[in-house]
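First the structure, in the form of structure tokens, and then the observations on it.
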Amino acid sequence: MEELYQDLKEVCSTIYRKIRSGLGEEYYLYQGVGAGGDRTSGIDRFAEELFLQKLSPYGRIISEEAGEVGDGEFTIVLDPIDGSDNLLSSFPYYGSSIAVQKEGRTIFSCIVNFANADLFIKGENFYKKGSLLHDELYDVYPNSHAKIGLFEKAYANPAVVRQLKSHGLKFRSPGAVALSLAYARYVRFVIFIGDIRPYDIEAGLHQCEGLHIYRTDGQIVVCKEESIFNTIKKIVQRKSDGH
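The numbering of the sequence shown is the numbering used here, which starts it at 8 and goes up by one.
Next up, the structure:
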């Protein structure tokens, strides 16, 4: 996986530099609808083409924009730009997520934040945080001082928002699911309620292994503290029961 990691970092560094140098108007324009059902912008297409060129030799790629491409030993689940609406709005919370699977199981994942160059990688025997700006990798430790959680698609779930407020659980809703899952050890919790697609969650959930995780077809709760996890799990379960 070392060669794959270096290829991924090279692609992500190219995308990072492109964004930092300023995007021309063509990168903001929509160019159709991707396989995942969202509109595809010029920057989505630019990032995906770089990934496809570099990753195609490794196996079949399932991308949010192009759908399924190629074949091979590995399956690579790719979101070229996670949080593309944030990027197009100059809101600094967007990146890429890549999950490498073999026989249906994720064995390697990489999530990058293009707003600050954070990079998270996880293999079968390691989980590290680094940066696109240097080569050092560091262990990832839980943040015991966290004050907020992250609730993706909070705007579409007002009943859950009210319940979180009643329990004194503060949150932010930044709008990039994979990134939020990558930061799960740093915040109090991560919630996602909505249509769950592989590109959104495969890499992120792989990096959340070892935390408390609740997942259904339309709900995800991740938390490092069991008591908070149980509280939030009950809240989202009541929503699914229609309460």
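Heads up, the beta-carbon is just placed ideally off N, CA and C, and yes, glycines get one too.
Next on the checklist: At the level of alpha carbons, what is the spacing between residue 143 and residue 166?
Outcome noted: 43 Å
Item to check | Segment limits, alpha helix (DSSP H) that includes residue 53 | outcome: 49–62
Checklist entry - CB residue 159 to CB residue 194, shorter than 9 Å? => result no
Item to check | Pick from 235, 246 and 127 that is closest to residue 146, judged by C-alpha positions | outcome: Nearest C-alpha to residue 146: 127.
Next on the checklist: So the candidates are 12, 157 and 170; which of them puts its Cα closest to the Cα of residue 243?
Outcome noted: 170
Checklist entry - Touch check for the segment 231–242 and the segment 206–213: three-plus C-beta pairs under 8 Å? => result no
Checklist entry - Whole-angstrom Cβ separation of residue 129 and residue 138, contact assumed at under 8 Å? => result Contact flag wrong, Cβ pair sits at about 16 Å.
Checklist entry - Assuming residue 54 contacts residue 22 under a Cβ cut-off of 8 Å, what Cβ separation, rounded to an integer in Å, is found between them? => result With a Cβ gap of about 5 Å, residue 54 and residue 22 count as contacting.
Checklist entry - Any idea what DSSP makes of residue 117, helix, strand or coil? => result strand
Checklist entry - From residue 179 to residue 46, what distance separates their C-alpha atoms? => result 25 Å
Item to check | Backbone secondary structure at residue 199 - three-state DSSP | outcome: strand
Item to check | Through-space distance from residue 131 to residue 86, alpha-carbon basis | outcome: Distance from the CA atom of residue 86 to the CA atom of residue 131, rounded to whole angstroms, is 21 Å.
Checklist entry - By DSSP, does residue 82 sit in helix, in strand, or in coil? => result strand
Checklist entry - Ordered along the chain, which non-local residues of its own chain (more than five positions away) have a Cβ less than 6 Å from that of residue 227? => result 199
Checklist entry - With DSSP run on the structure shown, which of helix, strand or coil describes residue 95? => result Secondary structure at residue 95: helix, using DSSP grouped into helix, strand and coil.
Item to check | Inter-residue spacing [alpha-carbon to alpha-carbon] between residue 20 and residue 188 | outcome: 21 Å
Item to check | residue 183 and residue 100 closer than 9 Å at C-beta | outcome: yes
Next on the checklist: I believe residue 163 touches residue 201 by the beta-carbon criterion, under 8 Å. Please report the beta-carbon distance rounded to the nearest angstrom.
Outcome noted: 6 Å
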